[in-house]
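Be aware that the sequence shown starts at 539, since it is given in the numbering used here, and climbs by one per residue.
Quick reminder that beta carbons are idealized off the backbone N, C-alpha and C, glycines included.
All figures in this text were calculated on a predicted structure; none of them were measured in a lab.
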Amino acid sequence: MQYLKEEVRKNIVEEALKEFKQGGYKGTSIRSIAKNSETSVGNFYKYFHSKEDLYENLIGPVYNRLMNYINKFNEVIVNEKANDIFYELMEKILEIFKESSTELTILLNKSEGSKYGNCKKNFVDFVTRIVTQKMEYELLLQGKRLKDNFIIYLISYNLVESISIILREKEDGTLVRKLILDIIDIFYKNIISKLDYENIS
539 MQYLKEEVRK NIVEEALKEF KQGGYKGTSI RSIAKNSETS VGNFYKYFHS KEDLYENLIG
599 PVYNRLMNYI NKFNEVIVNE KANDIFYELM EKILEIFKES STELTILLNK SEGSKYGNCK
659 KNFVDFVTRI VTQKMEYELL LQGKRLKDNF IIYLISYNLV ESISIILREK EDGTLVRKLI
719 LDIIDIFYKN IISKLDYENI S
């Protein structure tokens, strides 16, 4: 029976995070990970079946945790109580950004070629949908109807891109959280006044 050493696995994981962050999924090889973690390629395969398996072990749990909270947004009925629930869920998402900034940097910036290659587009679509629903509700209370949500899409796209840059450039989790909150405030403050809407006759 073969016994795996936790220290070797830990070294592989640490080096893999560095390699994926620098070269991305496509640009990283098992050979370079093995070399930099001071083990052999053969020994690498005792711990992970493939590069995809390693990537999934590192990125999958963070992605799944994030998607768990994102999916809970879809269960929220947009009404006067929705804001409190939205903020509570947003706080939980921001905690993930604070705790797992390296994994999220890789996910948003370096996932091309992996099964997570479309995650950035999925996040843009999610933010666009949630903000659109919220704005439609607020406009309805004012007797108005949203004509077009293109502005919301543009802002949501730029929010996700900005978060990607923040994660890429800043490593301190607390600072990452603050910068994301700041950029959300900049992008979405008074957004309703910028939307294309019409009065309901």
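Exposure label - residue i; buried when at least 16 CB within 10 Å
i: L677; result: buried
i: Q671; result: buried
i: T712; result: exposed
i: Y625; result: exposed
i: L692; result: exposed
i: Q540; result: Low confidence applies to Q540: its pLDDT is 49, below 50, so where it sits in the model is not reliable, and the reading given next is rough at best. Exposed, since its Cβ has fewer than 16 Cβ neighbours within 10 Å.
i: E641; result: buried
i: S639; result: buried
i: D720; result: exposed
i: I550; result: buried
i: S694; result: buried
i: L679; result: exposed
Residue i and residue j closer than 8 Å at C-beta
i: E553; j: I571; result: yes
i: K658; j: S702; result: yes
Same chain only: Cβ atoms within 8 Å of residue i, ignoring 5 sequence neighbours per side
i: N581; result: V546, A572
i: I634; result: V600, R603, L604, Y607, L642
i: I704; result: V714, L717, I718, I721
Residues sharing a beta bridge with residue i, DSSP
i: K682; result: N737
Residue from the options whose Cα sits closest to the Cα of residue i
i: F661; options: L697, L705, L679, L684; result: L697
i: L632; options: K727, I597, K716; result: K716
i: V669; options: Q680, Y654, D686, G655; result: D686
i: S575; options: E557, G561, V714; result: E557
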